[in-house]
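Report on one structure; see the data block that follows.
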Amino acid sequence: MIDVRLVKLFAWVIGVLMLLWLLAECLGGVDEADPRNQDLDRDTEQYAADCDRAWRALDLVGGADEASIDTVVDEMAVLGNEIEDPALKTLTESYSLDVQDLVAATAPEDLDEARSQYQDSAAFNLALRCPVT
0 MIDVRLVKLF
10 AWVIGVLMLL
20 WLLAECLGGV
30 DEADPRNQDL
40 DRDTEQYAAD
50 CDRAWRALDL
60 VGGADEASID
70 TVVDEMAVLG
80 NEIEDPALKT
90 LTESYSLDVQ
100 DLVAATAPED
110 LDEARSQYQD
120 SAAFNLALRC
130 PVT
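Shown next as structure tokens:
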């Protein structure tokens with residue numbers, strides 16, 4: 000008697016799992032006919048270009064000092080405006096704000112060390128989103 004109930008329970012569980020799988024396949028799959036899903040290579044190329052611009056903006060931090068801060072921030076803004084990915088655009092904008100604060104709050108003799116520490120931590124954060132190129 001126990002064997003029959005176990006077999007029925009097992010069959011019922013398998014049936015429910017199959018129905019859930021079918022439901023997930025029908026509702027969760029990518030629509031191949033949707034034009035937004037057609038050009039995945041272009042999205043990859045665009046994200047790679049955005050990552051490159053974000054890395055270049057981070058590299059500009061190394062040349063920021065009191066004399067050149069306006070130029071560096073302007074160049075970062077230009078690079079940030081070319082980025083289409085909203086997360087990378089926000090990250091690049093934060094670099095320009097952070098470098099302004101860094102230069103304003105750091106003594107000139109300690110600026111190299113402060114920039115280096117900032118670049119290291121920001122590069123780690125950016126490397127989690129974009130591969131180093």
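The opening position of the sequence shown corresponds to residue 0 in the numbering used here, with each subsequent residue numbered one higher.
For every residue, glycine included, the Cβ atom is placed at its ideal position computed from N, Cα and C.
Please read these numbers as outputs of a predicted model, since none were measured by experiment.
* If you run the structure through DSSP and keep just helix, strand and coil, what is Val131? -> Under the three-state reduction of DSSP, Val131 is assigned to coil, being neither helix nor strand.
* Going by alpha carbons, who is nearest to Asp84 out of Leu57, Asp49 and Val60? -> Per the Cα distances, Asp49.
* Compare the beta carbon distance of Glu72 and Ser93 with 7 Å and say whether it is the shorter of the two. => What sits at residue 72 in the sequence shown is Val, not Glu. In this structure, Ser93 does not lie closer than 7 Å to Val72 by Cβ.
* **Nearest-angstrom Cα separation, counted from Gly61 out to Ala126** => Going by C-alpha positions, Ala126 is about 17 Å away from Gly61.
* **DSSP state of Thr91 mapped onto helix, strand, coil** => Helix, per DSSP.
* Asked: Would you say the region 50-60 touches the region 76-90, given that touching needs at least three Cβ pairs under 8 Å?
  -> Yes, the region 50-60 is in contact with the region 76-90.
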